[in-house]
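Protein chains in written order, with my numbering: chain A, 615 to 1011; chain B, 615 to 1011; chain C, -4 to 127; chain D, -4 to 127. Here a beta-carbon is modelled for each residue, glycine too, at the ideal position from N, C-alpha and C. A short worksheet on the structure shown next.
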Amino acid sequence: MLSTGAKFAKGVDMRVAVIGVGLTKFGEVWTKSLRDIALEAGVKAISDANISAADIDAMFIGNMSAGRFSGQEHLGALVADQVGVSIPSTRVEGACASGSLALREGVSSIMAGLSDVVLVGGAEKMTDISTEYATTGLMGAADEEWEGFHGMTFPGLYALMARKHMHDFGTTHEQMASAAVKNHHNATMNKDVAQYPFEITVDKVLNSAMIASPLTLLDCSPITDGAAAIILCREDLAKKYCDTPVYVTGSGQASDTLALHDRKSLTGLQAAVDASRVAYKMAGIGVKDVDVCEVHDCFTIAEVMACEDLGFCKKGVGGKFIEDGNTQIGGKIPVNTSGGLKACGHPVGATGIKQASEIVLQLRGDAGKRQVNGAEIGMTHNVGGSGATCVVNIFRR
Amino acid sequence: MLSTGAKFAKGVDMRVAVIGVGLTKFGEVWTKSLRDIALEAGVKAISDANISAADIDAMFIGNMSAGRFSGQEHLGALVADQVGVSIPSTRVEGACASGSLALREGVSSIMAGLSDVVLVGGAEKMTDISTEYATTGLMGAADEEWEGFHGMTFPGLYALMARKHMHDFGTTHEQMASAAVKNHHNATMNKDVAQYPFEITVDKVLNSAMIASPLTLLDCSPITDGAAAIILCREDLAKKYCDTPVYVTGSGQASDTLALHDRKSLTGLQAAVDASRVAYKMAGIGVKDVDVCEVHDCFTIAEVMACEDLGFCKKGVGGKFIEDGNTQIGGKIPVNTSGGLKACGHPVGATGIKQASEIVLQLRGDAGKRQVNGAEIGMTHNVGGSGATCVVNIFRR
Amino acid sequence: MLWRRFRNKYHLIGTYCEKCKTGFYPPREVCPECRRGGKIVEKQFSNYGEIVTYTVVSAPPAGFEKGAPYALAIVKMDDNGPNVVGQVVDCDDEKLGMGLRVETTFRKIYEDGKEGIVQYGLKFMPITHENL
Amino acid sequence: MLWRRFRNKYHLIGTYCEKCKTGFYPPREVCPECRRGGKIVEKQFSNYGEIVTYTVVSAPPAGFEKGAPYALAIVKMDDNGPNVVGQVVDCDDEKLGMGLRVETTFRKIYEDGKEGIVQYGLKFMPITHENL
Ligand SMILES: [Zn+2]
Ligand SMILES: [Zn+2]
């Protein structure tokens, strides 16, 4: 069933601008707590937007598991407190898509006329606990009662999809690995933020430790601490604060079954297909118009499926599409210029905002060595769980 | 600092209707899981609204701690999955105010033109774990690092406020207890939902087990399983589905410091004062216009402070105001006709939606024995943590 | 908490929509396709099926360390049954593969770390004597 | 995780906004009133203060069962210091009350159930020899 959000896509005029972005360094940040990094990203975004905290009307904070990882819920209030404002501040959660959901609520608040300027943040502190416990905690994004119960893990779920994709379409592990190799290369040009800004090779991916066959350690995104924030603003006020505003022109969100085995297809994410259709329609563009895209490569197979689900290539040929270099900077459609979740890192609640931030930098022409020449339209693809939530946001300069 | 949401209050025209409500029985529901009760409330609300699930464009789900209590995050997708729809579905969290925050996001989505019909749900499953662990989990709503660290509990935080209120204003324990007595009485007329629909006395409150002095067991709201859902709809479509729509006409949200000791006042919640001012202004009414109100009586002292913060009576006299019967059904301003958190129960994420549901029943004239005669304007007051988030929503028939 | 679904977790008992003839495991109370128009009944599904896809997990979550590495598969149950996820046991590595025919077996799933509660449930094993 | 704040939790070291002369404990990196206009410096606050409000907790959270019932108070520290929350120890029930003068003392807070880690931090006790 198509997400019924589609029926609104054509009539919606978003009129929302992004006027500031802020990111912390991603990685294992032992010396800082969740509130420290959330404040750091927020202050950077406020500063980048050249506004003061008093200009902000509302906040939306994406976070998945502070309750489990740090014993702290109520992150909306926590961040407002740290920034020193008493405005409405709301936590939004949709597993690994929490950041993009928060962005959507920020956009909605401005479109509704409830706010003029909104801070949207995302943060996750994941390295304070053991890997086993983090693995268990992350399964809270999938179906705890019917998948986690059997010892299923997140890599395991994507491994089930990878095996099926390889079986049905002849996708090879080498093709999947080429996504990781590209993303690590891109990360070398994003040293201020990326967790792993170093080159790897296809051989290294194939020969690293097995996590859930056929996926190895280097097929998987890491466990990361990090925070990201962006400032949204009513379109007609944007020029007051910023010479180079970027506009949100489309947003699609869709859901699918929580458990993977309940789905009709195991080789793609229907929620990504649905969400992207809505977003394209709302933005009034086609896939060919997209100049740069950040996709949710929690595992290498996820980037392969994303290229197919978003329409960059035909169903089944995503692996070859990436292997052939089409998604490199300079290729047909550069994907994950930031380094993606794989090499830039994946602090769950922050990821969607980091993706938006990277697209904003690209559209401003501020992406430095990794700049995609003349990028005018960019897109983010953010997935919650094994695909039960997907959000696609489209931006233009 | 006044919540800057105030600047929008006057210009906002909400144009959002409530066309259906649904509640599960509140209590210890051993035989049902979180997904069971969430589905039950959703199906009831859909049925009450006389719509089909296919009419719903988006969902917002309020929940605080499923991650900690059940290992399950990603409740938006879980509820969409259970209902069998692939529409946008987002979890919203602000501790005990999660339900009202979800309602606000639903309203925002309709005002933004992103949805016509929205299901807003709230659910919490709290009785599957031990009381000590629940007590620890609930402190995730307060400041885990600086309050929970010292062995602080939620009753402890409200006890600190109660002691100060008694000290500064001469409020008595008997006065506080009278709120609980009234709420239990109201619950006897709400047997289909209320967890504790039986009468108590002031003596019983004073002599029940001490929890955090001066608060006893009967000063505290219980640990509850339950779910609630309401259906929101664009104002101009409401009559298509429903003969007796109720309208959301104002909504205020404000934040305060996460930790109690950081606040200027310990005898009231500034966020409640701020949120109610915005809501009154947006609805274009004054406190005297409110016919019925559901307040967040997580502890008896909270209802005393709410009466003052919302302007029902002057600062410091909330205890006497309640003791004198002003908040009974038939009194000056009936408060907590449902039985409140105290006697109806407090399934954290569901509470704000249950409050809205009770107000809708009152404004429809469907509240049975506990009906407030001629109620035209109703209000909900929903608090997160010890007051770091507060949401006030105003409804009219 | 899982005891709520003991009956479902110990047997392949789910639900079935008689209108669109779709089986659900875990059980659903509402058919996602037919909704109010559907007719949901309880159903015992076939205990036989074949592997649709599989993985071997080497990095387990807390509580599953002892059994690792272990195989997990999605199995399409016979007679128009549902897809079911579970561990595959008593199966050589070289035998494990797409399309392998398996049957359900009742086994220990894990021991709960905190309270030592042993959880049981269904796993899969290769069919030894098909058509017996 | 709490070791990040060891220095702050073992001493009454917070921050102070020199512009609006407000003390913060726990430390804040941004003054909520002055924001960018503020000047935040580290500050050791007075170890003496008086009880603003208090409670005795009889129903403790996990990890604090052994010490219950225990007293918790918000204490206003001297010399325009911040409000600080903490347990009150070595204090008779009849003595505990609003306005009681207390000083900080370094004590065990709790033992972490899972890993047996002992957490230390500041508590309060009645001042025995004021003006010594
Ligand atoms: Zn059906
Ligand atoms: Zn200052």
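Contact list for the segment 868 to 879 of chain B against chain A, Cβ threshold 9 Å: A868, S869, D870, T871, L872, A873 and D876
Would you kindly check if the distance between the Cβ of V635(B) and the Cβ of L880(B) is under 8 Å? Result no, Cβ atoms of L880(B) and V635(B) do not sit closer than 8 Å.
Could you tell me the alpha carbon to alpha carbon distance between N797(B) and G944(B), rounded to whole angstroms? 14 Å
Since A737(B) and N677(B) are thought to touch, with beta carbons under 8 Å apart, how far apart are those beta carbons, to the nearest angstrom? 6 Å
For the segment 712 to 769 of chain B, list the alpha helix (DSSP H) runs that are entirely contained and at least 4 residues long, ordered along the chain. 712 to 725 and 745 to 752
Neighbour-count burial assignment, W(-2)(C), 16 or more Cβ in a 10 Å radius: Its pLDDT being 48, under 50, W(-2)(C) is placed unreliably in this model, and the value from its coordinates should be taken loosely. W(-2)(C) comes out exposed.
Name, going along the chain, the residues of the segment 11 to 40 of chain C whose beta-carbon falls closer than 8 Å to a beta-carbon of chain B. R23, E24, V25, C26, P27, E28, R30 and R31
Taking buried to mean at least 16 other C-beta atoms within 10 Å of its own C-beta, is W760(B) buried or exposed? Buried, since its Cβ has 16 or more Cβ neighbours within 10 Å.
For a test of the three-state rule: what should DSSP assign to E1016(A), helix, strand or coil? For residue 1016(A) there is no data in the structure shown, the boundaries of chain A being 615 and 1011.
With 16 as the cutoff for other CB atoms within 10 Å, does T745(B) come out buried or exposed? exposed
Among E719(A), G625(A) and D923(A), which one has its Cα closest to the Cα of G966(A)? E719(A)
Any C-beta of chain C sitting closer than 8 Å to the C-beta of G770(A)? For G770(A), a Cβ of chain C is located within less than 8 Å of the residue's own Cβ.
Opposing strand residues paired with Q867(A) [DSSP bridges]: V1005(A)
Report the neighbours of G765(B) on chain D: residues whose CB is nearer than 9 Å to its CB, in chain order. V52, P55, P56, G58, F59, G62, A63, Y65, L67, Q82, I104 and Y105
What residues of chain B sit near S723(A), judged by a beta carbon separation below 7 Å? S722
According to DSSP, residues forming a beta bridge with Q696(B): None; Q696(B) has no bridge partner.
Top-ranked residue by Cα proximity to L689(A), from S666(A), G713(A) and A667(A): It is G713(A) whose Cα lies nearest to the Cα of L689(A).
Is it buried or exposed for N950(A), if we count other Cβ within 10 angstroms and need 16 for buried? buried
Three-state class that DSSP yields for S827(A) in the structure shown: coil
Mapping the DSSP letters down to three states, classify C710(A) as helix, strand or coil. Assigned with DSSP and collapsed to three states, C710(A) falls in strand.
Mapping the DSSP letters down to three states, classify C921(A) as helix, strand or coil. helix
State yes or no: is the beta carbon of M120(D) nearer than 8 Å to at least one beta carbon in chain E? Protein chains in the displayed structure are A, B, C and D, and chain E is not among them.
Which residues end up in the neighbourhood of ligand 2 when you take C-beta atoms closer than 7 Å to any of its heavy atoms? C12(D), K14(D), C15(D), T17(D), C26(D), E28(D), C29(D) and G33(D)
Along chain A, which residues have their Cβ under 9 Å away from the Cβ of G116(C)? F763 and H764
Could you please give me the residues that DSSP links to L689(A) through a beta bridge? None; L689(A) has no bridge partner.
Drop a sphere of 10 angstroms on the beta-carbon of F101(C), count the other beta-carbons inside from all chains shown, and report buried for 16 or more, exposed for fewer. exposed
By a C-beta neighbour count over all protein chains shown, 10 Å radius and 16 as the cutoff for buried, is G58(D) buried or exposed? buried
Quick one: which residues of the segment 696 to 717 of chain B get their C-beta closer than 8 Å to a C-beta of chain C? List them in chain order. Q696, V697, G698 and V699
My guess is that V83(D) and A63(D) are in contact by the Cβ rule of under 8 Å, so how many angstroms apart are they, rounded? With 8 Å as the limit, V83(D) and A63(D) do not qualify as a contact, their Cβ atoms being about 14 Å apart.
For M896(B), report the span of its alpha helix (DSSP H) as first-last. Q884 to A897
Can you name the residues that DSSP bridges to A841(B)? A737(B)
8 Å is my cut-off, CB to CB: does F1009(A) come that close to chain B? no
Among the residues of its own chain, which have a CB less than 6 Å from the CB of H960(B), if the five just before and after it don't count? S835 and T838
Would you call F812(B) buried or exposed, if buried means 16 or more other Cβ atoms sit within 10 Å of its Cβ? exposed
Residues in the segment 657 to 668 of chain A with C-beta within 8 Å of chain D's C-beta atoms, listed in sequence order? Listed by position, the residues of the segment 657 to 668 of chain A near chain D (Cβ gap below 8 Å) are V657, S666, A667 and A668.
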